[in-house]
Amino acid sequence: ASTFDVTVANMLPAALTKLSSTIAMGVKEETGVLGLCGCNRDEVQSVKTAFERVGIQFTGERSKYGAAAGAAVKEYVLLIGRRPKRTAAQQAALIELLSDAAAA
Numbered sequence: 415a416s417t418f419d420v421t422v423a424n425m426l427p428a429a430l431t432k433l434s435s436t437i438a439m440g441v442k443e444e445t446g447v448l449g450l451c452g453c454n455r456d457e458v459q460s461v462k463t464a465f466e467r468v469g470i471q472f473t474g475e476r477s478k479y480g481a482a483a484g485a486a487v488k489e490y491v492l493l494i495g496r497r498p499k500r501t502a503a504q505q506a507a508l509i510e511l512l513s514d515a516a517a518a
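Numbering-wise (our numbering), the sequence shown opens with residue 415 and increments by one.
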């Protein structure tokens, strides 16, 4: 599978959560950077949890208030993370987690 120096996903939280393992695997180990956006402040924790389960470590975030025309103003958040190198045991645990999720 291909990995990238920079991976950005701008999707609704439900899509980010569902695709977390696929997105995370596209981030180059150790040196790659991940940017996730499309979340309101109240949706951030569920997205972070999904990505942390598949090995992403978050290193920061930025936020900005805004709204689409006619919509309420909300705080939108950009999450910044990385994919550290895994030990063999961590890799085996991740494979088991993903296998269990695929079987469910």
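Note that CB positions come from ideal geometry on N, CA and C, so glycine has one too.
Put simply, of A429, K442, L492 the residue whose alpha carbon is nearest the alpha carbon of S416 is K442. In the DSSP assignment, S513 forms no beta bridge with any residue.
Going by C-alpha positions, G474 is about 30 Å away from G484. Taken atom to atom, the span from the alpha-carbon of L450 to that of V468 is near 15 Å. Cβ-Cβ distances below 7 Å link S435 to V468, L512 in the same chain, with the five nearest sequence neighbours on each side left out; the list follows chain order. For V458, the enclosing alpha helix (DSSP H) begins and ends at 458 to 467.
Here DSSP, grouped into helix, strand and coil, assigns S435 to helix.
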